[in-house]
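Input: a single structure, listed below in C-alpha cells.
Numbering (the working numbering), first residue to last: 1 to 728.
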C-alpha cells in the first residue's frame, strides 16, 4: 500500500515537473521552427507575441505597441504609436514592416567586417522587437561591396550579435520613414455620426444642422433653412478625402494658421463624441503648393498635415451658395416619385426599372427621357425668395395645390419625402410656393411655374423627327436673311437650289440632315401655342420633304427661353424647347466655306498685299517659287493658302460697313492657269459665337465669311515667319 502511494506520488511529481518545463518553454521556438527559419535574420518570429516595436535613427525614436483599448481591432492586429506621438498607427505600414522582418534573409555572413566598415554607427536605422519577453534588434548599416544596392545589417539577440549582407530589396523594405506609420486619415467619422457642422470664422461663420433623414439645414438669425444638397455633398466628399502623406509639427501648424488671413475653421459635433475642430490654411509650411489642416479634439492629440488645395477650397462655403432657390433640395437622380395635386386634378409619376410609369390621371408607360425632363423642370426651377411673405397676397392662403416627391436613400433611414404648397397664379401669371421643410416662400415666373401644373400631356416623348438621310427628298430653311433649299439627288449627293449661284458645304449639309433626322426637344412646355412663344412670326422655319410622305413636316422656332427657344412642329399642337445648339446648326448658311476659288492643279500664282508690302508666288513645273525665299517657307505658306477655309458664313449679300472691307488689312489674289483672277479680302476683327474672327470675302461670292484670327495672322505674317507657327 505504501509502495503504491510512493509510486503515485512520484508519477504526480514527474507530471508536474514536465508541465513546468512545457510552461517555461512555451514561447521558445521548436526544433522544426528553428530548422525552417535557419536562413532568416530573425531565428524566431511570432507576430501575436510582439509587445513592442521600436525604430530609432539619428536621435529620433518611434515606439509602437499593440492596441488594447476600445479603438483596437483584434482581428486586424492594430498597433498604436506611443512615441513621439500618441495616436493609432497605420496598420498597413506596420504589417508591411513586420512581414518584411519575418521574411528577411541574408545573402551571406559578414562577421569579419568591423562596425565602422559596416556603417553601424549611431546614425544607422535600428529596429528592436520585444517578443515573448525577449528583445531582438536589427541595425541597417552602410553599403556592401556587392551586389549593387546591398547593405550590411547586424542582428543582436540574447547577448550575441551577428553581421550579414542583405539585398537592396530587403534593405528598402526595412527603410520605412517614420511618418509612414502614422494613419493618413485625419477624420474617422462619417456623415451619419455628425449632427452639426460650423464652417468659416467670425461673422462669416455658418452652422449646418442635421435634420431628419440626412437633410442639413443652415441656421441664420435663429431660423433653419434647407441647405443645398450639392454643397453639403461637396463638404462631405472633402471630409471623406481628408488624409495626408505629409505631416506637420503642431507648433509649426499653429504658427502658419496665425499668419494666414484666409484660414477657415470647421467644427464637427455629435452627441457621442467631443467636438472636432479643423483649421485650414491656404499654404502648408512643408509644401507651399498644398494647403494645411490642423485637427484638434479634446482628449485626443492634435494632428496636422498638408492636403490638396482642392480639398481645402471645398470648405470655403458662403451662405448664398447654401441657399436653395428651387422647390426641393433633392437631385433628379434621387427622386423616385412625383405627385402633383390641384383640387380634384392629380398627377403621379414613378420610376419603374429604366423608365417611368404614369399612375394618374391615367395609367401608362413613360419613356425615361420624358419622365426625367418632367421632373427636372421642377428640380431645376429657381425662384425669388420672399423675405417677409404675406401668404394671402401671394395666393398661398389658402394654397391652390401641392407638390411632393419621394426620395430614395442609401438605406431605409435616409428615405424621405418633401412637400411644397403651391399658390394661386398672380396677375402676371407668376406662382409662389411654400416649402414644408423650412417654411421658405419662393415665387416663380409664369413660364417656370407651368411645371407645377398636373399636366400629363407634357410627358410626351422628346423625339420629334426620325428619318435616315436616304429617306429625305429635300429641305428648306427660311429665316432673317436666309432662304435656302437643298435637294437630295438619287445618287445620294446634295444640291443647293437656293440661293442660286452658290455651291453647298458638304459637312454643313450633312450636319443639318443628321440634326433634323434625329431632332429632339429639350422639354415640352405647353399643349398649345400662346403669343409669348413668338411662333406666329417665327425666327426660323424648316420644311422637310420625305420621299414616302404626302406632305412636308415643318419646324417653327420662336422666342428665346431658358435652355433654348420655343418651337413646335406641324404634326403636333404642343410647344417644346429646342436647344440653342440645334438652332445654331440650322441657322448657319450652307454655302461652301472654301476661300480658295481654284483647285490646286488650276492655280498658276498667288499674290499677297497688305498696303505696304507685297509677295508673289508662282507655280511652275510642279513647284511653287518665290525669288530669294526659303523653299520650305514658300511650301508652308502655299499649303495654308490653298487649304484656306472659313469658320462659318456670317451672312449672304453685300458687305456691311462695320466689316472693314473699305480698307482691307490684306488682299490675296488667286490666279488660274487660264488667267482668271479672284481676290480674297480680309477686313475688320470681331468676336462671333465666342470666337475671335476676321471678316473675309471673295469677290466672286456674295457672302461674308468668318476666318479665325489665328489663320489670318499667319497670312499677314507672310515673308517673315513660317505661317504654321504664327500667332495672332
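Even for Gly, the Cβ is constructed at its ideal location relative to N, Cα and C.
>> For residue 595, count the other beta carbons within 10 Å of its own beta carbon; 16 or more makes it buried, fewer makes it exposed. Which is it?
In response: For the purposes of this step, residue 595 is identified with residue 595 of the chain shown, where counting begins at 1. Classification of residue 595: buried, given that the 10 Å Cβ count is 16 or more.
>> Pop quiz: residue 216 and residue 305 are said to be a contact at Cβ under 8 Å. What is the actual Cβ separation, rounded to whole angstroms?
In response: For the purposes of this step, residue 216 is taken as residue 216 along the chain shown, with counting starting at 1. For the purposes of this step, residue 305 is taken as residue 305 along the chain shown, with counting starting at 1. 27 Å between Cβ atoms; not a contact.
> Buried or exposed: which applies to residue 495, given that a residue is buried once 16 or more other Cβ atoms fall within 10 Å of its Cβ?
Replying inline: Here residue 495 is taken as the residue at index 495 of the chain shown, counted from 1. It is exposed - the Cβ of residue 495 has fewer than 16 other Cβ atoms within 10 Å.
>> For residue 139 and residue 154, which I take to be in contact (beta-carbon distance under 8 Å), what is that distance rounded to the nearest angstrom?
In response: For the purposes of this step, residue 139 is taken as residue 139 along the chain shown, with counting starting at 1. For the purposes of this step, residue 154 is taken as residue 154 along the chain shown, with counting starting at 1. With a Cβ gap of about 5 Å, residue 139 and residue 154 count as contacting.
> Of the choices 488, 523 and 526, whose alpha-carbon is the least far from that of residue 509?
Replying inline: The residue you call residue 509 lines up with position 509 of the chain shown. Nearest of 488, 523 and 526 to residue 509, Cα basis: 488.
> Are there 16 or more other CB atoms within 10 angstroms of the CB of residue 388, so buried, or fewer, so exposed?
Replying inline: Counting from 1 along the chain shown, the entry for residue 388 is found at position 388. Residue 388 is exposed by the Cβ-count criterion.
> Can you tell me the Cα-Cα spacing of residue 612 and residue 695, whole angstroms?
Replying inline: Taking the chain shown and counting its residues from 1, one reaches residue 612 at position 612. Taking the chain shown and counting its residues from 1, one reaches residue 695 at position 695. The alpha-carbon atoms of residue 612 and residue 695 are separated by roughly 20 Å.
>> Is the beta carbon of residue 715 closer than 8 Å to that of residue 603?
In response: Mapped onto the chain shown, residue 603 falls at position 603. Mapped onto the chain shown, residue 715 falls at position 715. No. Outside cutoff.
> What does DSSP give as the partner residues of residue 453 in its beta bridges?
Replying inline: Sequence index remark: in the chain shown, residue 453 carries index 453 (1-based). Note: residue 453 sits in no beta bridge, so no partner.
> Can you name the start and end residues of the beta strand (DSSP E) that residue 153 belongs to?
Replying inline: Along the chain shown, one-based indexing puts residue 153 at 153. Unbroken beta strand (DSSP E) run through residue 153: 151–157.
> Going by alpha carbons, who is nearest to residue 451 out of 189, 425 and 80?
Replying inline: Here residue 451 is taken as the residue at index 451 of the chain shown, counted from 1. Of 189, 425 and 80, the residue nearest in Cα terms is 425.
> Just how far apart, CA to CA, sit residue 54 and residue 156?
Replying inline: To locate residue 54, count along the chain shown from 1; it is residue 54. To locate residue 156, count along the chain shown from 1; it is residue 156. Spanning the two alpha carbons is a distance of roughly 14 Å.
> Can you give the beta carbon distance from residue 281 to residue 290, rounded, assuming they're within the 8 Å contact cut?
Replying inline: Working through the chain shown from its first residue, we reach residue 281 at position 281. Working through the chain shown from its first residue, we reach residue 290 at position 290. Incorrect: roughly 10 Å between the Cβ atoms, too far for contact.
> Between residue 344 and residue 333, what straight-line distance do the alpha-carbon atoms span, to the nearest angstrom?
Replying inline: Counting from one through the chain shown, the residue named residue 344 turns up at place 344. Counting from one through the chain shown, the residue named residue 333 turns up at place 333. Rounded to the nearest angstrom, the two C-alpha atoms are 29 Å apart.
> Apart from the five residues on each side of it in sequence, which residues of its chain come closer than 8 Å, Cβ to Cβ, to residue 682?
Replying inline: Along the chain shown, one-based indexing puts residue 682 at 682. Cβ neighbours of residue 682 beyond the five flanking positions: 664, 665, 666, 667, 668, 694, 695, 696, 707, 712, 715 and 716.
> Quick one: what's residue 734 bridged to in DSSP?
Replying inline: Missing from the structure shown is residue 734; the chain here goes from 1 to 728 and no further.
>> Spatial neighbours of residue 644 within its chain, please: C-beta separation below 6 Å, excluding the five flanking residues on both sides.
In response: What you label residue 644 is simply residue 644 of the chain shown in a count that begins at 1. 595 and 596, listed in sequence order.
>> Let me check understanding here. Comparing Cα to Cα, which of 406, 382 and 540 lies closest to residue 481?
In response: The residue you call residue 481 lines up with position 481 of the chain shown. Here the closest residue by C-alpha is 540.
> Since residue 367 sits in a beta bridge, which residues does DSSP pair it with?
Replying inline: As a position in the chain shown, residue 367 is number 367, starting the count at 1. None, per the DSSP bridge assignment.
> From the DSSP output, which residues share a beta bridge with residue 68?
Replying inline: Translated into positions along the chain shown, residue 68 becomes position 68. For residue 68, which the question treats as bridged, DSSP gives no partner whatsoever.
> Alpha carbon to alpha carbon, how far is residue 576 from residue 376?
Replying inline: Start at 1 with the first residue of the chain shown, and residue 576 comes out as number 576. Start at 1 with the first residue of the chain shown, and residue 376 comes out as number 376. Roughly 15 Å separates the two Cα atoms.
>> Quick check for students: name the residue ranges of the beta strand (DSSP E) that lie wholly in the region 679–720, counting only runs of 3 or more.
In response: 691–698 and 703–708
> residue 312 lies in the alpha helix (DSSP H); which residues open and close that run?
Replying inline: Within the chain shown, residue 312 is the residue found at index 312, counting from 1. That run of the alpha helix (DSSP H) goes 309–313.
> residue 83 bridges to which residues according to DSSP?
Replying inline: To locate residue 83, count along the chain shown from 1; it is residue 83. DSSP lists 63 as partners of residue 83.
>> Could you check whether residue 547 and residue 471 sit closer than 8 Å to each other, using their CB atoms as the reference points?
In response: Stepping through the chain shown from its first residue, residue 471 is reached at position 471. Stepping through the chain shown from its first residue, residue 547 is reached at position 547. The answer is yes: Cβ separation under 8 Å.
>> My assumption, with CB atoms under 8 Å, is that residue 328 sits in contact with residue 183. Please give the rounded CB distance.
In response: Locating residue 328 in the chain shown gives position 328, where the first residue counts as 1. Locating residue 183 in the chain shown gives position 183, where the first residue counts as 1. Wrong, their Cβ atoms sit about 39 Å apart, outside the cutoff.
>> Taking 8 Å as the threshold (C-beta atoms), are residue 238 and residue 314 in contact?
In response: For the purposes of this step, residue 314 is taken as the residue at position 314 of the chain shown. For the purposes of this step, residue 238 is taken as the residue at position 238 of the chain shown. Contact flag set, yes.
>> So residue 454 and residue 421 are supposed to be a Cβ contact under 8 Å. How far apart are they, rounded?
In response: Within the chain shown, numbered from 1, the residue matching residue 454 stands at position 454. Within the chain shown, numbered from 1, the residue matching residue 421 stands at position 421. The pair is not a contact, with the Cβ atoms about 15 Å apart (cut-off 8 Å).
> What do you get for residue 553, buried or exposed, if any count of 16 or more other CB atoms within 10 angstroms of its CB means buried?
Replying inline: Residue mapping note: residue 553 aligns to position 553 of the chain shown, counting from 1. Answer is buried; the Cβ neighbour count reaches 16.
>> Measuring straight from C-alpha to C-alpha, what distance separates residue 107 and residue 169?
In response: What you label residue 107 is simply residue 107 of the chain shown in a count that begins at 1. What you label residue 169 is simply residue 169 of the chain shown in a count that begins at 1. Distance between the alpha carbons of residue 107 and residue 169 is about 11 Å.
> Going along the chain, which residues of its own chain have a beta-carbon closer than 7 Å to the beta-carbon of residue 672, five neighbours each way excluded?
Replying inline: The count along the chain shown starts at 1 and reaches residue 672 at position 672. Closer than 7 Å at Cβ, skipping near neighbours: 598, 602, 603 and 604.
> Which value, in whole angstroms, describes the spacing of the CA atoms of residue 374 and residue 350?
Replying inline: By 1-based counting over the chain shown, the position of residue 374 is 374. By 1-based counting over the chain shown, the position of residue 350 is 350. Near 11 Å, if we compare the C-alpha coordinates of residue 350 and residue 374.
> Helix, strand or coil: how does DSSP classify residue 616 here?
Replying inline: The sequence position of residue 616 within the chain shown is 616, counting from 1. In the structure shown, residue 616 sits in a strand (DSSP, three-state: E or B).
> What did DSSP end up calling residue 275 once you bin it into helix, strand or coil?
Replying inline: The count along the chain shown starts at 1 and reaches residue 275 at position 275. It is a strand residue.
> Quick one: what's got a C-beta closer than 7 Å to residue 119's C-beta in the same chain, skipping five residues either side?
Replying inline: Numbered from 1 along the chain shown, position 119 holds the residue referred to as residue 119. 141, 142 and 152, listed in sequence order.
>> Checking the sheet assignment: what are the DSSP bridge partners for residue 287?
In response: As a first step, residue 287 must be located in the chain shown, where it is residue number 287. Per DSSP, 284.
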